[in-house]
Amino acid sequence: MENISKKKLQLVGRKFMTKELVMSDIYMHFIVSPFDDSYEPKIYVLDEHENCQIISLSELANYKKTVVTHNFWMLVESFRKQKIPLPTNILDLTFLSKFIIGKPKSDFNHIKPWELWALLAPFYETNKEELEEVKNIFYSKISYKENDSLKLKIQFFLRHIKSCNDMQLQELKDKHEEERFFRIELPVYNLMLNRQYNGIKYDETKLTEKIKQIESDYYLKLKKLNFEYFIDENELSNNRIYDLLKEKEAIDFTELKSYNNNEDYLDLLSENSQLAKLIQDIKRLRTDRSALLKFGSLGEDRIYPIFDTHGSVTSRIFIQDPLIQYIKKSSRDVIVADEGKKFIYADYRQFEPGILANLSGDKTLIDMYNSSDIYTSLSNAVFDNGNHRKLCKKLFLAYSFGMTQESMVKFIKLNTELIDVENKVARFFGQFKRIEEFKNELYAELLTNSKISSVFGNNRYRKFEGALKAEEKRWCLSQKVQGTASLILKNVILSIINKLPEVDILIPMHDAILVQVDSGQFETSKTDIERIFIDEYKSICSEINPKVSFEAFSEENC
Numbered sequence: 001m002e003n004i005s006k007k008k009l010q011l012v013g014r015k016f017m018t019k020e021l022v023m024s025d026i027y028m029h030f031i032v033s034p035f036d037d038s039y040e041p042k043i044y045v046l047d048e049h050e051n052c053q054i055i056s057l058s059e060l061a062n063y064k065k066t067v068v069t070h071n072f073w074m075l076v077e078s079f080r081k082q083k084i085p086l087p088t089n090i091l092d093l094t095f096l097s098k099f100i101i102g103k104p105k106s107d108f109n110h111i112k113p114w115e116l117w118a119l120l121a122p123f124y125e126t127n128k129e130e131l132e133e134v135k136n137i138f139y140s141k142i143s144y145k146e147n148d149s150l151k152l153k154i155q156f157f158l159r160h161i162k163s164c165n166d167m168q169l170q171e172l173k174d175k176h177e178e179e180r181f182f183r184i185e186l187p188v189y190n191l192m193l194n195r196q197y198n199g200i201k202y203d204e205t206k207l208t209e210k211i212k213q214i215e216s217d218y219y220l221k222l223k224k225l226n227f228e229y230f231i232d233e234n235e236l237s238n239n240r241i242y243d244l245l246k247e248k249e250a251i252d253f254t255e256l257k258s259y260n261n262n263e264d265y266l267d268l269l270s271e272n273s274q275l276a277k278l279i280q281d282i283k284r285l286r287t288d289r290s291a292l293l294k295f296g297s298l299g300e301d302r303i304y305p306i307f308d309t310h311g312s313v314t315s316r317i318f319i320q321d322p323l324i325q326y327i328k329k330s331s332r333d334v335i336v337a338d339e340g341k342k343f344i345y346a347d348y349r350q351f352e353p354g355i356l357a358n359l360s361g362d363k364t365l366i367d368m369y370n371s372s373d374i375y376t377s378l379s380n381a382v383f384d385n386g387n388h389r390k391l392c393k394k395l396f397l398a399y400s401f402g403m404t405q406e407s408m409v410k411f412i413k414l415n416t417e418l419i420d421v422e423n424k425v426a427r428f429f430g431q432f433k434r435i436e437e438f439k440n441e442l443y444a445e446l447l448t449n450s451k452i453s454s455v456f457g458n459n460r461y462r463k464f465e466g467a468l469k470a471e472e473k474r475w476c477l478s479q480k481v482q483g484t485a486s487l488i489l490k491n492v493i494l495s496i497i498n499k500l501p502e503v504d505i506l507i508p509m510h511d512a513i514l515v516q517v518d519s520g521q522f523e524t525s526k527t528d529i530e531r532i533f534i535d536e537y538k539s540i541c542s543e544i545n546p547k548v549s550f551e552a553f554s555e556e557n558c
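If you read the sequence shown in the UniProt record's numbering, its first letter stands for residue 1, the second for the next number, and so on.
Spelled out as structure tokens, the structure:
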């Protein structure tokens with residue numbers, strides 16, 4: 001089912017490593033119909049005289065230049081249905097802008113500054129109605145007729161896209177992000193467009209059975225929530241959960257909210273709270289059900305996921321729809337390899353602690369990573385045994401991104417009667433003196449430069465001025481470490497596609513990648529992939545001996 005040749009994908013990764021590729025671009029806008037599958041998308045481009053021309057999908061696919069456009073994911077299905085390969089080089093203006101802006105969604109209100117219509121608004125200061133008309137036609141909110149008037153409006157629209165792109169590229173250069181974007185971000189973006197095009201296979205029988213089982217489990221847990229805790233499903237909004245835990249189980253752990261996202265917060269509390277665990281189970285079942293129901297919506301045995309390759313300010317790759325990355329391992333068995341292929345699921349162990357150890361230069365943490373298991377070591381130090389590794393993994397990561405030792409002690413004491421917890425925690429984390437120095441150095445850098453980056457670009461900029469706020473200190477280390485983790489994983493992806501063109505990249509996770517390989521090449525491919533994982537990690541973290549594991553992608557194969 002791989003309709004895009006590996007040679008072409010390999011070419012994408014190489015060509016985008018040069019900046020001169022952006023010269024002589026093609027600027028493109030399109031109109032699709034969400035209501036008519038037989039509708040041929042209207043493709044508008046600027047010619048060399050900056051006049052608007054209408055071309056076909058086939059003509060667009062043959063362009064060797066960079067196609068500068070927006071929301072290209074909406075066109076992928078049209079290419080696939082007509083069996084037309086995607087253009088080699090796509091530059092999405094909103095994707096570029098989000099990378100340049102370097103701030104999370106939470107820093108803004110409803111309208112995000114990287115959205116196309118916000119980007120183009122300054123060009124329509126005296127004619128806002130025309131931009132609104134083009135927008136409404138694009139989203140099929142109003143009907144339209146193809147005529148000279150519309151074509152002229154789209155011509156001006158495309159000229160503004162060109163001007164906006166020129167400004168964005170200059171800002172990219174001014175912020176010294178050009179090399180990172182063209183060497184890493186854009187090749188990965190184009191690669192994942194091709195994965196959307198080719199799709200991922202699933203087992204229809206397993207899907208039906210899994211949805212039935214999930215719905216049964218889901219309603220049983222909702223019943224328990226209602227009868228034991230008198231909580232209605234509608235109360236399970238993220239903000240309300242904090243209040244529910246405080247009301248029902250006297251858990252007031254505000255500190256956790258401030259440095260973790262809602263899911264991490266709930267995950268950590270679920271270790272000590274039955275209600276938190278029940279709410280977490282319900283939310284995960286709801287996510288699984290929602291995602292799996294979309295698998296069968298196209299009436300075929302493949303899904304075509306939509307990727308956001310700069311899905312967070314740390315540049316993690318997210319799958320927007322369906323939410324495959326959030327499906328529990330027990331539900332993943334519906335995803336299957338193509339005929340004659342086998343899955344390989346490669347995973348970095350203790351990924352971020354290893355990065356933190358290397359970037360900080362903390363010899364104690366480096367030695368602990370290289371010679372033992374950090375999470376088990378913490379469990380032994382605090383609980384006098386290694387049985388609490390899962391909890392200690394969450395605690396160590398929480399500490400790495402802002403949790404104080406005092407908060408950790410408070411959390412451990414929630415449902416345990418351990419003696420001398422304060423001293424045990426202090427002794428363990430007191431070993432890592434260089435970590436605290438490293439944090440202070442990052443705080444000073446953020447205060448001076450108003451930004452923090454990974455080891456290679458991907459800046460995050462401050463929202464505030466003056467002295468650093470507590471929340472800025474919390475994300476400061478996260479941007480450095482998690483941003484570097486995203487960089488390493490993207491380097492792995494590009495290295496695999498260039499060195500192992502026979503390997504299909506399917507699903508990137510936070511610290512792992514699912515690929516499929518020819519069954520006869522399984523062991524060889526596994527060895528080659530492990531070497532790439534190790535080499536790419538070590539190229540950035542030279543003091544670390546990377547730990548790579550190969551696990552089953554789903555529980556069925558465990």
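Just so it is clear, CB atoms sit at the ideal spot from N, CA and C, and this is done for glycine as well.
9 angstroms Cβ cutoff met for residue i and residue j
| i | j | result |
| --- | --- | --- |
| residue 559 | residue 424 | Summary: the structure shown does not reach residue 559, with the chain confined to residues 1 through 558, and so no result is reported for it. |
| residue 240 | residue 457 | no |
| residue 347 | residue 512 | yes |
| residue 408 | residue 397 | no |
| residue 106 | residue 33 | no |
| residue 96 | residue 161 | no |
| residue 68 | residue 165 | yes |
| residue 89 | residue 190 | yes |
| residue 518 | residue 340 | yes |
Simplified DSSP state of residue i, which is helix, strand or coil
| i | result |
| --- | --- |
| residue 342 | strand |
| residue 280 | helix |
| residue 419 | coil |
| residue 400 | helix |
| residue 308 | strand |
| residue 92 | strand |
| residue 348 | strand |
| residue 201 | strand |
| residue 431 | coil |
| residue 407 | helix |
| residue 540 | helix |
| residue 553 | coil |
| residue 383 | helix |
| residue 230 | coil |
| residue 362 | coil |
| residue 373 | coil |
| residue 301 | coil |
| residue 335 | strand |
| residue 69 | strand |
| residue 319 | strand |
| residue 546 | coil |
| residue 313 | coil |
Contact set for residue i: own chain, Cβ-Cβ below 6 angstroms, skip 5 residues either direction
| i | result |
| --- | --- |
| residue 313 | 104, 460 |
| residue 579 | The first residue shown for the chain is 1 and the last is 558, placing residue 579 beyond what the model contains. |
| residue 358 | 541, 543, 544 |
| residue 537 | 488, 546 |
| residue 43 | 30, 55, 60 |
| residue 500 | 528 |
| residue 270 | 276, 277, 280 |
| residue 18 | The pLDDT assigned to residue 18 is 40, lower than 50, so where the model puts this residue is not dependable; a value taken from the coordinates is nonetheless given after this. Here the set comprises nothing. |
Proximal residues to residue i (C-beta, below 7 angstroms), its chain only, five neighbours per side dropped
| i | result |
| --- | --- |
| residue 58 | 84 |
| residue 355 | 481, 484, 485, 541 |
| residue 267 | 280, 394 |
| residue 249 | 273, 275 |
Sequence-distant residues of its chain with Cβ nearer than 8 angstroms to residue i (five each side left out)
| i | result |
| --- | --- |
| residue 555 | 329, 330, 332, 333 |
| residue 413 | 421 |
| residue 3 | Because residue 3 carries a pLDDT of 48, less than 50, the predicted location of this residue cannot be relied on, and no value is offered for it. |
CB contact check: residue i to chain B, cutoff 9 angstroms
| i | result |
| --- | --- |
| residue 85 | Here chain B cannot be found, since the structure has a single protein chain. |
Inter-stretch contact at 8 angstroms, needing at least 3 Cβ pairs: the segment 472-485 / the segment 449-456: yes
message: My parser needs the alpha helix (DSSP H) runs of 4 or more residues fully inside the segment 451-537; what are they?
response: 470-499
message: Counting beta carbon pairs with one atom in the segment 351-361 and one in the segment 544-557, are three or more of them shorter than 8 angstroms?
response: yes
task: Go through the segment 23-59 residue by residue and report every complete run of the beta strand (DSSP E) that reaches 3 residues or more, in order.
output: 26-31, 42-46, 52-55
query: With a cut-off of 8 angstroms, do at least 3 Cβ pairs link the segment 291-301 to the segment 204-212?
result: yes
task: Could you tell me whether the segment 173-192 touches the segment 141-155, where touching means 3 or more Cβ pairs closer than 8 angstroms?
output: no
field: Completely contained alpha helix (DSSP H) runs for the segment 138-199, where each covers 4 or more residues
entry: 148-174, 186-198
query: Pairing CB atoms from the segment 191-198 with CB atoms from the segment 74-91, are three or more of them under 8 angstroms?
result: yes
field: Whole beta strand (DSSP E) elements within the segment 81-137, 3-residue minimum
entry: 90-92
The segment 428-442 touching the segment 360-379, judged by at least three CB pairs closer than 8 angstroms: yes
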